[in-house]
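A.B. asks: One structure follows; several queries about it will come next.
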Amino acid sequence: MAIPTEYQIYVLATSLMAAFFVAAMVRLWLLRSVEDELLKNKAALEKQVVLQQKDLMTVRQESSAWRIEMQRQFDLFRHMASDQLSVEEKRFNDLLAKSTRREFELQAALDIAKQMCSELPSTQARVLHLESLLAAAPPPPPAPPSSNDGGLPAAPVTPMPDLGGNDTPAPTPEEEVAEAPPPPAFAMPKFFAPPPPPPPTQAAFAAPEPVVIVDEEKVMELEEKLAEAEKKNASLQVALTTTRLRSRSRPNSIRKYALKKRPLIKAMA
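For what it's worth, my numbering labels the leading residue of the sequence shown as 84, then goes sequentially.
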């Protein structure tokens, strides 16, 4: 059955509309499938965003906790460093006082030893002089014999009066000796009187001066002690200088460490 000509235009339009409708339905189906995929991707992305937000919050909390911990450790380290520095300063002051006192004692001992060493030649010369005086002095006189009268001089003999009535006094022993005739030239005396003792010299009765005996061993020991004291003084001076240098270098190292830590703390803040 043939379609009239006037209706062919309507049939063609209806066919075109049907084709467009089918194409639209296909396009709608494709869009619907794409929309489903996009919705699935959206849900996955939302979950990923939530997880990332959770991770970000966790990282922030950890960073804040780490910063607080680092600040606490830094404060603790600074407190410990200040305490250690105060202890070292106190120890250094004690060592300085002890070394100063020890140096004063060693200096006093050194001065005494130097004075003794300077007096040693004069002492030796005096000892030699005293030895020469003792060698040149005469021997002391012998002690007089002891008697019952205590060593007192004998009293002169007084003449006895004449009992016969003669007023002439009896001659004394000195007069009898003077009136006696002189013995002949060839006659020997009956006895010899002992010679009088020599007059005592001043050196015999002078009080002996104390003799100073120099002991070489003591002198050597004193010299060894002096050398040892000088060595100890030198070692103490070296230790004192080393301690001063260490005490000066420690605050600089602590300051450098603090300056190195400051940028890290600022970066964490």
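Here a beta-carbon is modelled for each residue, glycine too, at the ideal position from N, C-alpha and C.
Residues in the same chain with beta-carbon distance under 6 Å from Gln190, minus the five sequence neighbours each way, listed in chain order, please.
C.D. replies: Start at 1 with the first residue of the sequence shown, and residue 190 comes out as number 107. Excluding positions up to five away in sequence, the list is empty.
A.B. asks: Between Ser182 and Gln320, what straight-line distance do the alpha-carbon atoms span, to the nearest angstrom?
C.D. replies: To locate residue 182, count along the sequence shown from 1; it is residue 99. To locate residue 320, count along the sequence shown from 1; it is residue 237. Cα-Cα distance, rounded: 8 Å.
A.B. asks: Within this structure, are the beta carbons of Glu171 and Ser330 separated by less than 9 Å?
C.D. replies: The residue you call residue 171 lines up with position 88 of the sequence shown. The residue you call residue 330 lines up with position 247 of the sequence shown. In contact: Glu171 and Ser330 (Cβ atoms closer than 9 Å).
A.B. asks: Please state if the CB of Glu311 and the CB of Leu193 are separated by a distance shorter than 9 Å.
C.D. replies: Within the sequence shown, the letter at position 110 stands for residue 193. Within the sequence shown, the letter at position 228 stands for residue 311. Contact: no.
A.B. asks: Quick one: grab the DSSP three-state call for Pro204.
C.D. replies: The sequence position of residue 204 within the sequence shown is 121, counting from 1. Note: Pro204 maps to helix in three-state DSSP.
A.B. asks: Using only the alpha-carbon positions, how far apart do Leu178 and Val210 sit?
C.D. replies: Walking along the sequence shown from the start, residue 178 turns up at place 95. Walking along the sequence shown from the start, residue 210 turns up at place 127. The straight-line gap from Cα to Cα measures roughly 46 Å.
A.B. asks: If you measure between the beta carbons of Arg185 and Lys315, is that distance less than 9 Å?
C.D. replies: For the purposes of this step, residue 185 is identified with residue 102 of the sequence shown, where counting begins at 1. For the purposes of this step, residue 315 is identified with residue 232 of the sequence shown, where counting begins at 1. The answer is yes: Cβ separation under 9 Å.
A.B. asks: Answer yes or no: do Leu213 and Val302 have a C-beta to C-beta separation smaller than 9 Å?
C.D. replies: Within the sequence shown, residue 213 is the residue found at index 130, counting from 1. Within the sequence shown, residue 302 is the residue found at index 219, counting from 1. No. Outside cutoff.
A.B. asks: Quick one: which unbroken alpha helix (DSSP H) runs of 4-plus residues sit fully inside the region 156–207? Chain order, please.
C.D. replies: Fully enclosed alpha helix (DSSP H) runs of 4 or longer: not present.
A.B. asks: Out of curiosity, what's the CA-to-CA distance linking Leu323 and Ala180?
C.D. replies: In the sequence shown, the residue the question calls residue 323 occupies position 240. In the sequence shown, the residue the question calls residue 180 occupies position 97. Spanning the two alpha carbons is a distance of roughly 10 Å.
A.B. asks: Tell whether a beta-carbon distance below 9 Å holds between Phe175 and Thr326.
C.D. replies: On the sequence shown, residue 175 is found 92 positions in, with the first residue counted as 1. On the sequence shown, residue 326 is found 243 positions in, with the first residue counted as 1. Result yes, Cβ atoms of Phe175 and Thr326 sit closer than 9 Å.
A.B. asks: May I have the straight-line CA-CA distance separating Pro87 from Thr97, to the nearest angstrom?
C.D. replies: Counting from one through the sequence shown, the residue named residue 87 turns up at place 4. Counting from one through the sequence shown, the residue named residue 97 turns up at place 14. Those two C-alpha atoms are separated by around 15 Å.
A.B. asks: To the nearest angstrom, how far is the alpha carbon of Met100 from that of Asp119?
C.D. replies: Counted from its first residue, the sequence shown places residue 100 at position 17. Counted from its first residue, the sequence shown places residue 119 at position 36. Cα to Cα, the separation comes out at about 28 Å.
A.B. asks: How long is the line joining the alpha carbons of Met140 and Ser147, rounded to whole angstroms?
C.D. replies: The residue you call residue 140 lines up with position 57 of the sequence shown. The residue you call residue 147 lines up with position 64 of the sequence shown. Cα to Cα, Met140 sits roughly 10 Å from Ser147.
A.B. asks: Around the C-beta of Leu235, are 16 or more other C-beta atoms found within 10 angstroms, so that it is buried, or is it exposed?
C.D. replies: By 1-based counting over the sequence shown, the position of residue 235 is 152. Annotation note: pLDDT 49 at Leu235 (below 50); position unreliable, no value reported.
A.B. asks: Can you give me the C-alpha to C-alpha distance between Ala286 and Ser205, rounded to a whole angstrom?
C.D. replies: Mapped onto the sequence shown, residue 286 falls at position 203. Mapped onto the sequence shown, residue 205 falls at position 122. Interpretation of Ala286 is limited by its pLDDT of 42, a score under 50 that renders its predicted location unreliable; no figure is taken from the coordinates.
A.B. asks: Do Leu305 and Met163 have their C-beta atoms within less than 9 Å of each other?
C.D. replies: The count along the sequence shown starts at 1 and reaches residue 305 at position 222. The count along the sequence shown starts at 1 and reaches residue 163 at position 80. The answer is no: Cβ separation not under 9 Å.
A.B. asks: Give me the Cα-Cα distance between Gln131 and Gln144, rounded to the nearest whole angstrom.
C.D. replies: For the purposes of this step, residue 131 is taken as the residue at position 48 of the sequence shown. For the purposes of this step, residue 144 is taken as the residue at position 61 of the sequence shown. Cα to Cα, Gln131 sits roughly 20 Å from Gln144.
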